[in-house]
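The sequence shown begins at 1 in the UniProt record's numbering and counts up one residue at a time. Ideal Cβ positions, reconstructed from N, Cα and C, are used throughout, including at glycine. Small disclaimer: the values here were computed from a predicted structure and weren't measured. Here is the structure we will look at.
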Amino acid sequence: MEVYRPSKAYSEDMTRFHSDEYVKFLKNVRPDNMHEFNKQMQRFNVGEDCPVFDGLFEFCQLSAGGSIAAAVKLNKQQTDIAINWGGGLHHAKKSEASGFCYINDIVIGILELLKYHQRVLYVDIDIHHGDGVEEAFYTTDRVMTVSFHKYGEYFPGTGDLKDIGAGRGKYYAVNCPLRDGMDDDCYERIFKPVVTKVMETFRPGAVVLQCGADSLCGDRLGCFNLSLKGHGKCVEFIRSFPLPLLLVGGGGYTIRNVARCWTNETSIALATEIPNDLPYNDYYEYFGPDFKLHISPSNMANQNTNEYLEHIKTKLFENLRMIPHCPSVQMQDIPDDIVDFDENDAVAKDLADPDKRISIMAADKAIMPNNEFFDDPEEGSGLGGTTLRSGKSASRDVQNHRDQPKRARTDEDASSSTTKSNSKEGSGSKKSDSTSDKRSESKSDFVEKWRLIYLKSQRSNRTGASC
């Protein structure tokens with residue numbers, strides 16, 4: 001598994017789905033100036049369920065940037081499975097925040113996938129209906145949305161069995177409304193047949209799976225009775241299809257169970273088994289009293305009868321028979337990617353301007369200490385410098401690095417002194433030339449320093465959000 005730091009999404013990236021005014025509002029509103037945006041807060045549904053907090057827009061940038069970067073990785077075939085647990089905010093609308101969601105990273109990520117894939121399947125196992133994603137693609141046949149959710153007097157109140165899409169998107173919205181107490185066995189009996197039929201009919205080129213953890217038993221806002229194993233079987237089943245897969249997070253309001261869930265599903269994505277006993281860490285006490293990975297389901301009554309589940313399956317299969325197999329898509333040029341992962345270009349831009357720092361991507365891969373090319377606080381004290389992985393002293397490396405340009409300047413000074421002794425009258429102009437040479441060397445030393453940092457980073461192990 002490689003872990004990448006995603007780049008922040010720009011306002012222009014968000015406006016591929018959201019309105020300009022809404023994105024501008026999110027960018028400008030803060031807790032200390034909320035009173036200036038009273039009308040806009042009501043208009044954009046920001047305040048109660050979606051409060052304003054410090055760093056709101058940066059949070060939106062990171063969430064959306066992670067899903068965009070993951071989609072680009074899949075498009076470039078640099079990975080088979082990409083994960084953004086910081087995403088999955090499926091309630092956000094074009095010009096409205098909803099259900100703790102401000103920017104719909106899923107929609108933006110799917111739009112990126114559609115550049116390379118004719119059809120994209122979206123599957124949602126959050127306990128709440130994925131209304132924002134369904135609404136965004138309600139009239140298109142290139143995206144099929146499939147949602148398994150609690151329906152009734154429950155937020156957001158949408159996702160009826162009869163909601164099937166409109167226009168060209170008719171029958172491309174698949175809703176599976178469920179009742180309280182859904183357990184592992186019943187969930188598997190409805191999930192696998194429906195997804196299998198969708199795969200056979202729609203034939204997607206890529207899949208996005210929203211893994212909201214509020215469908216687990218014991219969630220503060222949930223009313224299902226799924227265990228980690230039952231929830232994880234959905235990920236395992238989707239993973240069994242040989243398609244590019246984007247996993248995103250979502251809801252989950254019992255934090256210790258959210259951490260358990262997405263840790264378990266990361267291991268499923270990697271096809272790796274992990275022990276049930278949790279390793280000791282800084283947050284170990286939060287997982288008491290059993291300190292185990294898996295959680296036990298409760299004795300909640302399951303209101304989803306076999307007759308009810310069979311009725312849902314029958315109706316959904318009838319709807320799926322109404323759509324043609326593999327809807328065609330007109331050929332067109334592939335648009336440019338939002339994110340460019342060409343690291344050499346990123347580093348070259350930094351090296352071209354010595355006044356700018358090295359790129360974050362390259363700096364993250366560097367293995368030298370921060371004082372590699374700077375004076376060590378202990379230098380000259382007899383205590384030695386920082387030890388590198390190779391066992392060498394950092395201060396000694398710094399001194400060796402600096403000796404060579406110093407010798408070059410000493411030779412020039414000697415030459416300048418000889419010339420100055422021969423002609424006192426021309427000493428002013430000679431000094432000016434020598435100073436200019438020193439400045440030129442200083443600039444070249446600076447560029448050389450960053451070039452060495454980049455070369456060291458290239459030799460280090462690659463680190464990055466895909467597996």
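- Comparing C-alpha distances from R179 to each of G167, K162 and Y154 shows the shortest one belongs to Y154.
- Here the alpha carbon of A166 sits roughly 10 angstroms from the alpha carbon of E135.
- In the three-state reduction of the DSSP assignment, I81 falls in the strand class, which pools E and B.
- A residue is called buried once 16 or more other Cβ atoms fall within 10 Å of its Cβ, and Y283, having fewer, is exposed.
- With three or more CB-CB distances shorter than 8 angstroms, the stretch 7 to 14 counts as touching the stretch 59 to 77.
- Annotation for K162: no alpha helix (DSSP H) segment contains it, and DSSP assigns it neither H nor E.
- Below 8 angstroms, enough C-beta pairs join the stretch 114 to 124 and the stretch 206 to 216 to call them touching: three or more.
- For T201, same chain residues with a beta-carbon under 7 angstroms away, outside a window of 5 residues either side, are L320, I323 and H325 in chain order.
- Nearest in C-alpha terms to K229, of all of G218, C261 and Y253, is C261.
- If you check the CB distance, G212 and N302 do not come in under 8 angstroms.
- By the CB criterion at 8 angstroms, N264 and G218 fall outside the cutoff.
- Two segments are said to touch when three or more pairs of C-beta atoms, one from each, lie closer than 8 angstroms; by this definition the stretch 140 to 150 does not touch the stretch 263 to 281.
- Counting only residues of its own chain and dropping the five nearest sequence neighbours on each side, N33 has no CB closer than 8 angstroms to any other CB.
- Considered as a whole, the stretch 79 to 160 harbours 105 to 113 and 131 to 136 as its complete alpha helix (DSSP H) runs of no fewer than 4 residues, in chain order.
- Note that the stretch 246 to 258 touches the stretch 105 to 118; at least 3 beta-carbon pairs, one per stretch, sit closer than 8 angstroms.
- Residue range A206 to Q210 is occupied by the beta strand (DSSP E) that includes A206.
- The secondary-structure analysis by DSSP pairs L452 with nothing; it has no beta-bridge partner.
- Assignment of V23 by DSSP, reduced to helix, strand and coil, places it in the helix class.
- V174 and F191 have their C-alpha atoms roughly 12 angstroms apart.
- Excluding sequence positions up to five before and after E273, its CB lies within less than 8 angstroms of the CB of S267, all in the same chain and listed in chain order.
- Annotated three-state conformation of L226 is strand, per DSSP.
- For C261, the enclosing alpha helix (DSSP H) begins and ends at I255 to A269.
- DSSP places L74 within a helical segment (H, G or I) once states are collapsed to three.
- Separation of F59 and G252 (C-alpha to C-alpha, rounded to the nearest whole angstrom) is 17 angstroms.
- Comparing alpha-carbon positions, the option among V143, F44 and D80 lying closest to K94 turns out to be F44.
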